[in-house]
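Numbering (the numbering used here), first residue to last: 799 to 1043.
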């Protein structure tokens, strides 16, 4: 925390526009006279996909701030972290995108041992000794999905039997998560068709490079060699029921 008063009214001028006002606010107030780096964290950046006009202004603005560090010492003290759960597809020119610079860090999937460790931290009964393998198989070790499952199990909101029986159904704990993907695939017919091929195959499917990259970035597939396979069992089960043409 910077422990500063907002003072937006003193630096914001609507007549200059939000981009210029934002830049002046950072340069003349937040970064001025600071001897240590300031970290700007943008969380859940994928939500901006729903607002393309805003995204096409906002992301190039972040890129321009990064570029300023080359010649303005004040901007060298700004560190920008962009957190997103899925790949962000916004039509930006290469020199405007903040996603082709800096260092990308991809959160790895949990192993069976890591699932077991997290379960222990939740206080889940040791009797569920196969739980790690079950979750790695069913949700692919996805940290977010694993955490949701263990939370419900630890709080006794649902029994283990109920959780497992409904795990890939619309009424299960992942219903909202799955419906979000379904809505996206319904809007992206080419992706939906390609993904249906993947979930219909037991051996994996070769797809064109761009389609494979997009499906992998969404977390729907894993790439084994040149072939795409569903990243987890619940995706195969749910979308085999929901995707029909």
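By construction, the Cβ of each residue, glycine as well, lies at the ideal position given by its N, Cα and C atoms.
Coil, strand or helix - residue i by DSSP
i	result
residue 838	strand
residue 967	coil
residue 973	helix
residue 813	helix
residue 863	helix
residue 831	coil
residue 868	coil
residue 748	Past the boundaries of the shown model lies residue 748; the chain is included only from 799 to 1043, so the question cannot be answered.
residue 801	coil
residue 819	helix
residue 950	helix
residue 961	helix
residue 846	helix
residue 806	helix
From the options, residue whose alpha carbon lies closest to that of residue i
i	options	result
residue 1040	997, 1001 and 1011	997
residue 915	808, 1010 and 945	945
residue 1025	1036, 1015 and 1010	1010
residue 827	937, 803, 817 and 893	803
residue 1016	886, 819 and 817	886
residue 910	894, 937 and 901	937
residue 836	873, 858 and 1034	873
residue 1044	1036, 866 and 865	With the chain running from 799 to 1043 in the structure shown, residue 1044 is simply not present.
residue 831	931, 800 and 896	800
residue 971	954, 947, 953 and 992	947
residue 867	891, 825, 814 and 849	825
residue 919	939, 928 and 952	952
Between the CA atoms of residue j and residue i - distance to the nearest angstrom
i	j	result
residue 1054	residue 898	The requested residue 1054 does not occur in the structure, where the chain is confined to residues 799 to 1043.
residue 1000	residue 1028	10 Å
residue 877	residue 834	11 Å
residue 811	residue 942	40 Å
residue 949	residue 958	11 Å
residue 889	residue 854	7 Å
residue 852	residue 978	21 Å
residue 983	residue 1023	24 Å
residue 964	residue 819	50 Å
residue 1021	residue 862	34 Å
residue 988	residue 847	18 Å
residue 905	residue 1030	16 Å
residue 870	residue 903	27 Å
residue 1013	residue 895	20 Å
residue 922	residue 980	31 Å
residue 930	residue 813	57 Å
residue 1003	residue 1018	13 Å
- Item | Contained alpha helix (DSSP H) runs [length at least 4] in the segment 871–939, N- to C-terminal order | 910–920 and 929–937
- Counting only runs of 3+ residues fully inside the segment 978–1038, write out the beta strand (DSSP E) ranges in chain order. 1019–1022 and 1025–1028
- Does the segment 879–889 come within contact of the segment 840–851, defined as at least 3 CB pairs closer than 8 Å? yes
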